[in-house]
Each structure stands twice: as C-alpha cells, then as structure tokens.
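Per this note's numbering, the very first residue in the sequence shown carries number 97; after that it's consecutive.
For reference, the structure discussed in these notes is given below.
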Amino acid sequence: MTPIFDYLQNNTLPEDKDTAQKIKATSARFTIIQGNLFQRSFSGPYLTCIKPSQVKTILSEIHEGEFNTLRKRLENAKGKWADELSGVLWSYRTTSKNLTGATPFSLAFGTEAVIPAEISIPTARSQFATQEENNTMMNFELDTIDEKREAAAVRTAHYK
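What follows is the structure in structure tokens.
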C-alpha cells in the first residue's frame with residue numbers, strides 16, 4: 097500500500113505533519129476504483145498506478161507487444177515484405193524509446209516527424225503553424241540537436 101492509497105481508502109495519514117500535508121494535497125489527483133489506485137490525467141483518461149514490483153513485467157509485455165506487432169506486419173506481407181518494410185521502419189523510427197527518451201528520427205534530424213495523417217487530417221500542430229513559425233522552430237531544433245543527443249547519451253549511460 098502507498099500512503100496516498102491508505103489516505104484515500106482508510107483516511108489514515110503519517111504522523112509527520114509536513115508529509116501528511118503533502119499526501120493530502122497530492123491525493124486530490126488520485127482516486128480508487130475497484131480497489132485500484134488511479135491518477136486523474138489532464139487529457140481525460142485515468143492513469144493506472146503500478147507498483148514497483150510490476151514494472152519489469154509491464155515493460156517486458158510492452159516490448160514483446162511492439163516486437164510482435166512489427167513481426168506480424170512483416171509476416172502478413174508474405175512475399176510483399178519489401179513493400180511493407182518502409183512502413184515498419186517508419187513506425188520504429190518515429191516511436192519514442194524509453195532508453196533515450198526520444199525517437200530515432202528526432203535524434204537524427206533534430207525534430208519530430210509529421211506523420212502522413214497530420215497532412216490529410218490537420219492537427220493543431222499542422223493547422224495553426226505558419227511557415228515563419230516553422231522556420232523559427234526548425235532553427236531552434238537544429239541549434240539544440242547536440243544537447244538533445246547528449247541528453248540521450250547520458251540517459252543511455254545511466255540505464256546501463
């Protein structure tokens with residue numbers, strides 16, 4: 097049990113007043129549903145709170161799922177795997193990696209890719225941007241690409 101869960105479930109707080117105050121303030125962003133702790137998100141859906149003992153299992157399932165999805169796409173293409181390969185590589189290159197905290201595309205080119213769907217169905221990012229703003233942001237991204245790569249290298253070294 098976590099202190100937030102204990103407070104929401106049983107209304108119990110630690111004796112330390114500062115810690116108790118922090119738990120009270122923080123707990124407003126959490127709720128318990130069917131015995132499970134969830135955090136309210138700003139975008140709408142509840143976020144599942146996981147225990148430290150669950151982290152390895154979940155990460156392994158995510159990795160396995162991503163790998164199987166890519167493998168399945170290539171297997172389903174059978175003799176046309178070469179036609180499907182570019183889509184699989186695009187998916188890999190534009191998916192953020194936990195190790196570096198960035199996509200391979202952004203580390204190589206200094207900016208996030210605009211996916212084809214954003215061209216045909218405008219998003220706020222593509223709809224309200226002007227060419228001048230885009231040029232300014234591209235220059236900033238290119239100016240800071242070395243720092244972004246350095247941060248990714250530090251994260252990678254820390255992970256090992």
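Backbone N, C-alpha and C define an ideal beta-carbon position, used for all residues, glycine too.
Beta-carbon gap between residue i and residue j smaller than 8 Å
{"i": "T196", "j": "T252", "result": "yes"}
{"i": "L238", "j": "G206", "result": "yes"}
{"i": "L166", "j": "V184", "result": "yes"}
{"i": "A209", "j": "T226", "result": "no"}
{"i": "I146", "j": "F126", "result": "no"}
{"i": "L104", "j": "I129", "result": "no"}
Neighbourhood of residue i by C-beta distance below 6 Å, restricted to the same chain and skipping five residues each side
{"i": "T108", "result": "D102"}
{"i": "F236", "result": "none"}
Neighbour-count burial assignment, residue i, 16 or more Cβ in a 10 Å radius
{"i": "L143", "result": "exposed"}
Candidates the options, of which the one nearest residue i by Cα
{"i": "L203", "options": "N172, K244, S149, N132", "result": "K244"}
{"i": "F136", "options": "A249, N172, T122", "result": "It should be noted that the sequence gives Arg, not Phe, for residue 136. Of the listed residues, the one whose Cα sits closest to R136 is T122."}
{"i": "T98", "options": "D112, D114, N132, K113", "result": "N132"}
{"i": "Y188", "options": "N164, K176, N172", "result": "N164"}
{"i": "F201", "options": "G175, I241, N231, V151", "result": "I241"}
{"i": "Y255", "options": "E228, S149, K193", "result": "K193"}
Cut-off 7 Å between Cβ atoms - residues of its own chain near residue i, not counting five sequence neighbours on either side
{"i": "A248", "result": "T196, G197, A198, L203"}
{"i": "V250", "result": "none"}
Sequence-distant residues of its chain with Cβ nearer than 8 Å to residue i (five each side left out)
{"i": "A116", "result": "L109, P110"}
{"i": "F134", "result": "F126, T127, I128, Y142, L143, T144, C145"}
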